[in-house]
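A.B. asks:
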Amino acid sequence: MLLSEISPSMMCADEDGLSVLLDMFEENGIEHLHMDIMDGVFVNNFTLGTDDCRRMRRRTAIPLDLHLMITEPEKKLAWFDIQPGEMVSVHVEATCHLQKALAEIRARGAHPVAALNPATPLSVLDYVLDDLDGVLIMTVNPGFAGQKLIPATLGKIADCRRYLDDRGYGHVRIEVDGNVSIPNAEKMRAAGADIFVAGTSSIFCDGDMGENIGRFREAIR
Ligand code: DX5
Ligand code: ZN
Numbered sequence: 005m006l007l008s009e010i011s012p013s014m015m016c017a018d019e020d021g022l023s024v025l026l027d028m029f030e031e032n033g034i035e036h037l038h039m040d041i042m043d044g045v046f047v048n049n050f051t052l053g054t055d056d057c058r059r060m061r062r063r064t065a066i067p068l069d070l071h072l073m074i075t076e077p078e079k080k081l082a083w084f085d086i087q088p089g090e091m092v093s094v095h096v097e098a099t100c101h102l103q104k105a106l107a108e109i110r111a112r113g114a115h116p117v118a119a120l121n122p123a124t125p126l127s128v129l130d131y132v133l134d135d136l137d138g139v140l141i142m143t144v145n146p147g148f149a150g151q152k153l154i155p156a157t158l159g160k161i162a163d164c165r166r167y168l169d170d171r172g173y174g175h176v177r178i179e180v181d182g183n184v185s186i187p188n189a190e191k192m193r194a195a196g197a198d199i200f201v202a203g204t205s206s207i208f209c210d211g212d213m214g215e216n217i218g219r220f221r222e223a224i225r
């Protein structure tokens, strides 16, 4: 099983206190910062944007994990000033040119990730496995924080791990995103997930952030 990593959902973070939060994330070895980018078309919401990504890069060395909930992402990658080592997820439902989008992300030295909405079958990945470093399994319908896990997606995580391993792609990561609470994270880890988007139901909730991160880390060990 691949080492587990945490990617806090920065759309859930308060702007004030961000510097203290980022310092804490660095002290706690947080591996990624999940940046939800929404265009109001692929999903009915707007959240973070290109300037938020630039500002975040100036404030911390923690690599960004861009979650592009935008149509035709292959035409818009240049807007994000993607850096080597970052993760970039594009939704398979949002483009007719998935392989092109993934290849262009890799050409920028970043890690290409295919994001799948809850209803999307794994078979969409059949001919792009060589272009992937990760699969993002949405465990809620994208667009908003604070939703409830869709139960069928737990089985989909396990199916995805098996799908990748059976084809010799055991190195491809599985990221999970949506209502990744501590109880859900334990189930997701058992199913084979290894990158966890931590949002309002895990670390951005009541209590001490350091303690929340510690409990979350324990749940995904
Ligand atoms: C939803 C976003 C998620 C969301 C997670 O479309 O992709 O990253 O912010 O928030 P919670 O953890 O509250 O579901
Ligand atoms: Zn997300």
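Numbering (our numbering), first residue to last: 5 to 225.
Yeah, the Cβ is synthetic: ideal placement off N, Cα and C, and Gly gets one too.
Since the structure is predicted, the reported quantities are computational estimates derived from the model, not experimental observations.
1) Determine, using beta carbons only, whether GLU90 and THR124 come nearer to each other than 8 Å.
2) Consult DSSP for SER13 and reduce its assignment to one of helix, strand or coil.
3) Closest by CA to TYR173, which one among ASP181, CYS164, VAL180, GLY113?
4) Given a cut-off of 8 Å, decide if ILE41 and LEU52 are closer than it, judged by their beta-carbon atoms.
5) Within 8 Å, do at least three Cβ pairs link the segment 33-50 to the segment 70-77?
6) Identify, in the order they occur along the chain, each residue of the same chain with its Cβ nearer than 8 Å to the Cβ of ALA1, setting aside the five sequence neighbours on each side.
7) Mind checking which residues open and close the alpha helix (DSSP H) that includes ILE186?
8) Within the continuous alpha helix (DSSP H) that includes ALA111, where are the two ends?
9) Tell me whether VAL180 sits in a helix, a strand or coil according to DSSP, three-state version.
10) Span of the alpha helix (DSSP H) holding ALA223?
11) Does DSSP put SER206 in a helix, in a strand, or in coil?
C.D. replies: Straight from the coordinates:
1) Contact flag unset, no.
2) strand
3) Closest option to TYR173, Cα to Cα, is CYS164.
4) yes
5) The answer is yes - the segment 33-50 touches the segment 70-77, with three or more Cβ pairs under 8 Å.
6) The structure shown has nothing for residue 1, since the chain only spans 5 to 225.
7) 186-195
8) In the DSSP assignment, ALA111 falls within the unbroken alpha helix (DSSP H) covering 102-111.
9) strand
10) 213-223
11) Three-state result, SER206: coil.
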